[in-house]
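Q: Residue numbering for the sequence shown follows the numbering used here, beginning at 17 and increasing consecutively.
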Amino acid sequence: MLSNIFFITCIKEGINMFFCRKREYKHAIKQTLLRERMRILILISATFLCCACGKQEKEDWFKVDDIATLAMNGDTNALKRLIKQADKGNPSAQAYLGGMYIHGNNVGRNTLLGLVLLNKAAKQKNGLAYYHLGYYYTALRAKAPLYEKSLFYFKKKETLDLEYADLSETPELLIGHIYLKEDYAGKDKREAFWWFQISALKKNNPWGKGFLSIFYTENGVVDKNFEFALSLALQAKEGGDTDMTDSYIDALKADAEFERGEKAALAGNVDALIDYGLFYYDAQSDDERDPMKNKIKGLRYLAKAAKIDEVKAVDPFMQTAKKFYFEKKVIIPAETQNDKGAQLFLGIYMYMGKFPMEENVDEGLKWIEKATKGDKQYEDLALAISLVGAIGGNDVMKNLISTGIQNMDIFVGIQDKTVDEVMAKLEIKESE
Numbered sequence: 017m018l019s020n021i022f023f024i025t026c027i028k029e030g031i032n033m034f035f036c037r038k039r040e041y042k043h044a045i046k047q048t049l050l051r052e053r054m055r056i057l058i059l060i061s062a063t064f065l066c067c068a069c070g071k072q073e074k075e076d077w078f079k080v081d082d083i084a085t086l087a088m089n090g091d092t093n094a095l096k097r098l099i100k101q102a103d104k105g106n107p108s109a110q111a112y113l114g115g116m117y118i119h120g121n122n123v124g125r126n127t128l129l130g131l132v133l134l135n136k137a138a139k140q141k142n143g144l145a146y147y148h149l150g151y152y153y154t155a156l157r158a159k160a161p162l163y164e165k166s167l168f169y170f171k172k173k174e175t176l177d178l179e180y181a182d183l184s185e186t187p188e189l190l191i192g193h194i195y196l197k198e199d200y201a202g203k204d205k206r207e208a209f210w211w212f213q214i215s216a217l218k219k220n221n222p223w224g225k226g227f228l229s230i231f232y233t234e235n236g237v238v239d240k241n242f243e244f245a246l247s248l249a250l251q252a253k254e255g256g257d258t259d260m261t262d263s264y265i266d267a268l269k270a271d272a273e274f275e276r277g278e279k280a281a282l283a284g285n286v287d288a289l290i291d292y293g294l295f296y297y298d299a300q301s302d303d304e305r306d307p308m309k310n311k312i313k314g315l316r317y318l319a320k321a322a323k324i325d326e327v328k329a330v331d332p333f334m335q336t337a338k339k340f341y342f343e344k345k346v347i348i349p350a351e352t353q354n355d356k357g358a359q360l361f362l363g364i365y366m367y368m369g370k371f372p373m374e375e376n377v378d379e380g381l382k383w384i385e386k387a388t389k390g391d392k393q394y395e396d397l398a399l400a401i402s403l404v405g406a407i408g409g410n411d412v413m414k415n416l417i418s419t420g421i422q423n424m425d426i427f428v429g430i431q432d433k434t435v436d437e438v439m440a441k442l443e444i445k446e447s448e
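Here it is in structure tokens:
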């Protein structure tokens, strides 16, 4: 009986232990599965975070332009991202950050650090780094500019191929300005003109067109062409070149109109020949070594007009020829050569207001006195002039002088001559 009870008890205990172990085993398995799930979840999360960070870094690497723009506008977060990319060796980030440091743009100016970053980027052939280095050696260096270094960096293909937001300071324009600088030993207007041409005509830069227009308003590198200069200036202003003022454009319009008229004169238009002949005769010479240059040019125009249409043009030609003859035979010898006879003629013509001189009694008497003083040949005339002037007044003196010099017409040498004969007498060739 006892043995049976013991056997049953053992069976019960065995059954209880089996189910207890089974529950423990299941619990252990559940715990293991839970740990594995947690580990997988952690791995997935970590992988996701790493991917996200990697993606951000990858995006930062390729979006440096946008980040730099934000950084230059004061975005501190963007600046941190830009610095991080520069530290990782991104040449674009180094170039942007280096430029910010040398200019002090939203960061404390640190020229040394800026140059270190720019040189690192330049070693990777970064065009923006080349540009900033070129600009530094021209405009920002504390000591004298190093123009050759600037040209070296500005002329790099990588620099020239970049697109620039500020069209007033592109490398082509800066190169052109260097070649115009007075303190640059290699100053060369032709080289400057060539670079402004590239800027204006190849790159379609309005500032380049503005500078190029100036070259066509002055002789030297190219012949003057105000029509083309005006066209360039109008395009420059329309494109946004703020240096193209209304006053400059108005002056170009006037010059272009004058240029068109002169072309008509050269083509044989009689009215244009007369107008421009008279204009040039009265215009001051732009050549100090040849003060008669414009007068001769004006007479050539008038002579050409007189040959085409004698009725319309011979009178203005002869009047102008007489002025030139009088200046050459009387005024210049009287003023520069102390020619007594020329001084007497000048004084008499001035005193009487005889063509081509306007009446000026006092100035005329001065010239007469200068001519006759101490010269026996003219002493009697001087005495007569002074006596009549004292007794009879100016009108009497004028009549006396007029009677005394009626045969002293200085223009006898060119009166009633043909156009060719007059030009020969004036010693002016038909063409230069």
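All residues carry an ideal CB built from backbone N, CA and C; glycine is no exception.
Fair warning: this is a prediction, and the values are worked out from it, not measured in the lab.
On the three-state DSSP scale, how would you describe G369?
A: If DSSP states are grouped into helix, strand and coil, G369 belongs with coil.
Q: Kindly give me the distance between the Cβ atoms of F361 and V346, rounded to whole angstroms, as I take these residues to be in contact under 8 Å.
A: Between V346 and F361 the Cβ distance is about 5 Å, and since that is below 8 Å, they are a contact.
Q: Would you check if the distance between the CB atom of D257 and the CB atom of W211 is smaller than 8 Å?
A: Cβ distance not < 8 Å, so D257 and W211 don't count as in contact.
Q: Count the other CB atoms, across all protein chains shown, that sit within 10 Å of the CB of I430; report buried if there are 16 or more and exposed otherwise.
A: Label assigned to I430: buried.
Q: Does the beta-carbon distance from E243 to A272 come in below 8 Å?
A: Contact: yes.
Q: May I have the straight-line CA-CA distance separating N285 from I444, to the nearest angstrom?
A: Between N285 and I444, the C-alpha separation is close to 22 Å.
Q: I'd like to know if the stretch 200–209 and the stretch 174–181 are in contact, where contact means that at least 3 CB-CB pairs between them fall below 8 Å.
A: Contact fails: fewer than three Cβ-Cβ distances are below 8 Å.
Q: Pick from L189, M116, T233: whose alpha carbon is nearest that of I265?
A: Measuring from the Cα of I265, the nearest candidate turns out to be T233.
Q: Which of the three DSSP states is assigned to L282 in this structure?
A: If DSSP states are grouped into helix, strand and coil, L282 belongs with the helices.
Q: Tell me the rounded alpha-carbon separation between Q110 and T186.
A: Roughly 20 Å separates the two Cα atoms.
Q: Let me make sure I understand the geometry here. Which of K79, N142, G150, T92 has the alpha-carbon closest to that of I118?
A: For I118, the nearest C-alpha among the options comes from G150.
Q: Could you spell out where the alpha helix (DSSP H) holding K96 opens and where it closes?
A: Segment 92–103, the alpha helix (DSSP H) holding K96.
Q: Can you tell me whether A406 is helix, strand or coil according to DSSP?
A: Low confidence applies to A406: its pLDDT is 46, below 50, so where it sits in the model is not reliable enough to give any reading.
Q: So what's T2 in DSSP terms, helix, strand or just coil?
A: Shown here, the chain extends from 17 to 448; a query on residue 2 therefore has no answer.
Q: How close, in whole Å, do the beta carbons of Y153 and L162 come, if the pair is a contact with beta carbons under 8 Å?
A: At roughly 4 Å, the Cβ-Cβ gap stays under 8 Å, so Y153 and L162 are in contact.
Q: Mind pulling the alpha helix (DSSP H) runs of 4 or more residues that sit fully within the stretch 288–355?
A: Counting whole runs of 4 or more residues, the stretch 288–355 contains the alpha helix (DSSP H) stretches 309–324, 326–342, 348–352.
Q: Within this structure, are the beta carbons of G277 and Y297 separated by less than 8 Å?
A: No; because the gap between Cβ atoms is not below 8 Å, this pair is not in contact.
Q: What whole-angstrom Cβ distance do A337 and V438 have, given they're in contact under 8 Å?
A: Going by Cβ atoms, the distance from A337 to V438 rounds to 5 Å, so yes, they are a contact pair.
Q: Give every residue of the same chain whose Cβ lies closer than 6 Å to the Cβ of G143, excluding the five residues on either side of it in the sequence, and list them in chain order.
A: If we look at G143 and ignore the five residues flanking it on each side, its Cβ neighbours are E174, T175, L178.
Q: Go ahead and pull the three-state DSSP assignment for I384.
A: Helix at I384.
Q: Can the beta-carbon of L133 be found less than 8 Å from the beta-carbon of G114?
A: Result yes, Cβ atoms of L133 and G114 sit closer than 8 Å.
Q: Considering only C-alpha positions, which residue in the set Y365, P307, L318, Y112 is nearest to K136?
A: Checking every option, the nearest Cα to that of K136 belongs to Y112.
Q: In the DSSP assignment, find the alpha helix (DSSP H) that holds P187 and state where it starts and stops.
A: Run containing P187: 187–194, per the alpha helix (DSSP H) assignment.
Q: Just to confirm before moving on: does the CB-CB distance between A329 and I384 stay below 8 Å?
A: No; because the gap between Cβ atoms is not below 8 Å, this pair is not in contact.
Q: Please list, in chain order, all residues of the same chain as S215 whose beta carbon is under 6 Å from its beta carbon, the five residues on each side excluded.
A: Closer than 6 Å at Cβ, skipping near neighbours: E188, L189, N221, G224.
Q: Once the 5 residues before and after V435 are set aside, which same chain residues still bring their CB inside 7 Å of it?
A: Once the five neighbours on either side are set aside, the close Cβ partners of V435 are A319, A322, K323, F333.
Q: Can you tell which of K441, A252, E164, I230 has its C-alpha closest to the C-alpha of L315?
A: Of the listed residues, the one whose Cα sits closest to L315 is K441.
Q: The alpha helix (DSSP H) spanning L134 covers which residue range?
A: Where L134 is concerned, the enclosing alpha helix (DSSP H) stretches over 127–139.
Q: Can you give me the C-alpha to C-alpha distance between V238 and S166, rounded to a whole angstrom?
A: For V238 and S166, the distance between alpha carbons rounds to 27 Å.
Q: Just verifying my parser: in three-state terms, what is the DSSP assignment at V377?
A: Note: V377 maps to helix in three-state DSSP.
Q: Judging by CA-CA distance, which residue of M116, V123, T85 is the nearest neighbour of Y147?
A: When only C-alpha atoms are compared, the closest one is M116.
Q: Using three-state DSSP, classify A358 as helix, strand or coil.
A: Correct three-state label for A358: helix.
Q: Can you tell which of A94, F274, D355, A102 has its C-alpha closest to the C-alpha of A387?
A: Of the candidates A94, F274, D355, A102, the one whose C-alpha sits nearest the C-alpha of A387 is D355.
Q: Taking DSSP as the reference, what is the three-state secondary structure of Q213?
A: Three-state DSSP puts Q213 in a helix.
Q: Just the C-alpha distance for K433 and D259, rounded to the nearest angstrom, thanks.
A: Computed Cα separation, rounded: 54 Å.
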